[in-house]
Amino acid sequence: MLNDIKELEISSKSKINFLEKRMKEELSFHHNHNDCLVESPPIPKTMLLDLCNGCNHKCIFCMSRLMDRKVSRMKHSLFTKIIDQAMDLGVEELGLYATGEPFMHKKLEDFVKEAKDKGFRYVYISTNGALIDERRLKKVIDSGLDSIKFSVNAGSRDAYYKVHGKDDWKKVIKNIKFVSKYRKKSKKKMLISVSYIVTNISKNQKKDIENLLSPFVDEIMFWDCGTQQGFMLANQGVLIDKKESKIDFCNLPFNRLHVTSEGFLTLCCTDYENYLTVADLNETNLINAWNNQLFISMRKRHLSGDLKGALCYNCMNNTDNEMFPIDSDLSNQIDVKSFYLESRDNLRIELENRDNNK
Ligand code: SF4
1 MLNDIKELEI
11 SSKSKINFLE
21 KRMKEELSFH
31 HNHNDCLVES
41 PPIPKTMLLD
51 LCNGCNHKCI
61 FCMSRLMDRK
71 VSRMKHSLFT
81 KIIDQAMDLG
91 VEELGLYATG
101 EPFMHKKLED
111 FVKEAKDKGF
121 RYVYISTNGA
131 LIDERRLKKV
141 IDSGLDSIKF
151 SVNAGSRDAY
161 YKVHGKDDWK
171 KVIKNIKFVS
181 KYRKKSKKKM
191 LISVSYIVTN
201 ISKNQKKDIE
211 NLLSPFVDEI
221 MFWDCGTQQG
231 FMLANQGVLI
241 DKKESKIDFC
251 NLPFNRLHVT
261 SEGFLTLCCT
271 DYENYLTVAD
281 LNETNLINAW
291 NNQLFISMRK
301 RHLSGDLKGA
311 LCYNCMNNTD
321 NEMFPIDSDL
331 SNQIDVKSFY
341 LESRDNLRIE
351 LENRDNNK
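1 is the number of the first residue of the sequence shown in this note's numbering; add one for each residue after it.
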């Protein structure tokens, strides 16, 4: 066992060099785009494109498990059309996920290869790592993926089940170790990271996950559980003790492109019911969508702080006010009042069920 671990360990020196290089790239990227807070900013260098809006896990803090919107997958022809336009417009980084699990799209590896062949500098995904086996992992890594982030939100099998709603702990840890081993064997330059959403269920297990996974990954990021862009206000006081502080300003409508699995351009990476969609890329092109009147008017509202009635207002202010979609034809309209009430009951019941099923 010890030998196995030694074989898989990444030397600290190469790990640091690799991370330093990536951090420098990210810093220069953000530095170059701090001047974009205007009504019609230039096209960003980064795009998140959701291949599938569904997820095989039911994380307790996540809006995905309560999402009412139909599950859909990105059509291949539309993917090609959008990334061709993005490439022509100077987009360099492409994240193939947003609200869903990217491995739920059976063409993920084809899409990664296509994007890399077309010249995208950095192609990355975030996954729960539970749907896959070694064969599929090899395929996606061989396609040229630059970064894989595993979402592991607990430090033990029991807590993992309580958070993720699935008993996939062993499988996921095995997959992470395999990716580390395969990267070393194939000499691929790919970043491997873990994100860990800290809740009251898992807050005392941070050291456990570090001890278990640090030898195999380049970084482990701990993020406090939030309210999922204002949808999961129910998390406060249950999964996290304190109320989230207010957000003064949000950069997302200015410095990143977000495309839903249906092919809609939206302001946000976690727009579960399409309340912030501004254009249908099946019908229009990326540059026209980025500069259309709906998008410009939402940026004006962000700049002036006039966001009442939009999801962004609830996200930034921690409130459960009535809210309306920007374009009702592209959204999945919900009964907002009932949603906020029912999501609180649901969280309590779901936690009890998971306790009983342990
Ligand atoms: S303010 Fe709007 S765009 Fe920004 S994170 Fe919140 S919901 Fe998303």
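Note that beta-carbon positions come from the ideal geometry of N, C-alpha and C, so glycine has one too.
Any non-hydrogen atom of the ligand SF4 closer than 7 Å to residue i Cβ
{"i": "Q229", "result": "yes"}
{"i": "L281", "result": "no"}
{"i": "P253", "result": "yes"}
{"i": "M316", "result": "yes"}
{"i": "C312", "result": "yes"}
{"i": "L265", "result": "no"}
{"i": "L294", "result": "no"}
{"i": "C250", "result": "yes"}
Beta-carbon proximity list for residue i, same chain, < 8 Å, skipping 5 on both sides
{"i": "L294", "result": "V278, A279, I326, D327"}
{"i": "V217", "result": "F150, I176, S180, I192, S193, V194"}
{"i": "I209", "result": "V152, A154, G155, V194, Y196, I220"}
{"i": "L239", "result": "I60, F61, T199, N200, I201, C225, L347"}
Alpha-carbon to alpha-carbon, residue j and residue i
{"i": "E101", "j": "T260", "result": "13 Å"}
{"i": "W169", "j": "S304", "result": "46 Å"}
{"i": "G165", "j": "F178", "result": "23 Å"}
{"i": "S11", "j": "I148", "result": "The pLDDT assigned to S11 is 41, lower than 50, so where the model puts this residue is not dependable, and the model offers no usable value."}
{"i": "N32", "j": "C268", "result": "For N32, the predicted model reports a pLDDT of 47, less than 50, meaning its position is unreliable and no value from the coordinates is stated."}
{"i": "G368", "j": "I287", "result": "The shown model of the chain, from 1 to 358, leaves out residue 368, and the question about it has no answer."}
{"i": "I220", "j": "E322", "result": "37 Å"}
{"i": "Y272", "j": "T227", "result": "13 Å"}
{"i": "N204", "j": "R354", "result": "19 Å"}
{"i": "N318", "j": "S245", "result": "8 Å"}
{"i": "F111", "j": "S77", "result": "11 Å"}
{"i": "I132", "j": "V152", "result": "15 Å"}
{"i": "L257", "j": "F61", "result": "25 Å"}
{"i": "R121", "j": "R183", "result": "19 Å"}
{"i": "M104", "j": "L145", "result": "17 Å"}
Candidates the options, of which the one nearest residue i by Cα
{"i": "S40", "options": "V163, R354, I296", "result": "I296"}
{"i": "K68", "options": "N332, Q236, R344, A86", "result": "The question names Lys, yet the displayed sequence has Asp at residue 68. For the residues N332, Q236, R344, A86, the minimum Cα distance to D68 belongs to N332."}
{"i": "D345", "options": "Y275, M232, T266, N317", "result": "M232"}
{"i": "Y124", "options": "T46, V238, M63, K337", "result": "T46"}
{"i": "E114", "options": "S338, F79, D133, G90", "result": "F79"}
{"i": "D329", "options": "C59, L257, N274", "result": "N274"}
{"i": "M63", "options": "A234, L307, I82", "result": "A234"}
Beta-bridge partners of residue i, as assigned by DSSP
{"i": "G95", "result": "L48, Y124"}
{"i": "S195", "result": "S151, M221"}
{"i": "Q228", "result": "DSSP lists no partner for Q228."}
{"i": "Q236", "result": "I240"}
{"i": "A279", "result": "L265"}
{"i": "V259", "result": "L49, L265"}
{"i": "R183", "result": "In the DSSP output, where bridge partners are listed per residue, R183 has none listed."}
Neighbourhood of residue i by C-beta, 6 Å cutoff - its chain only, sequence neighbours within 5 removed
{"i": "I201", "result": "A159, K162, V163"}
{"i": "D142", "result": "none"}
{"i": "D167", "result": "Y161"}
{"i": "F324", "result": "G309"}
Same chain, Cβ closer than 7 Å to residue i, neighbours up to 5 away in sequence not counted
{"i": "L27", "result": "At L27 the pLDDT is 43, less than 50, meaning the model places this residue with poor confidence; the figure from the coordinates comes in the next sentence. If we look at L27 and ignore the five residues flanking it on each side, it has no Cβ neighbours."}
{"i": "N292", "result": "V278, A279"}
{"i": "E109", "result": "K139, V140, S143"}
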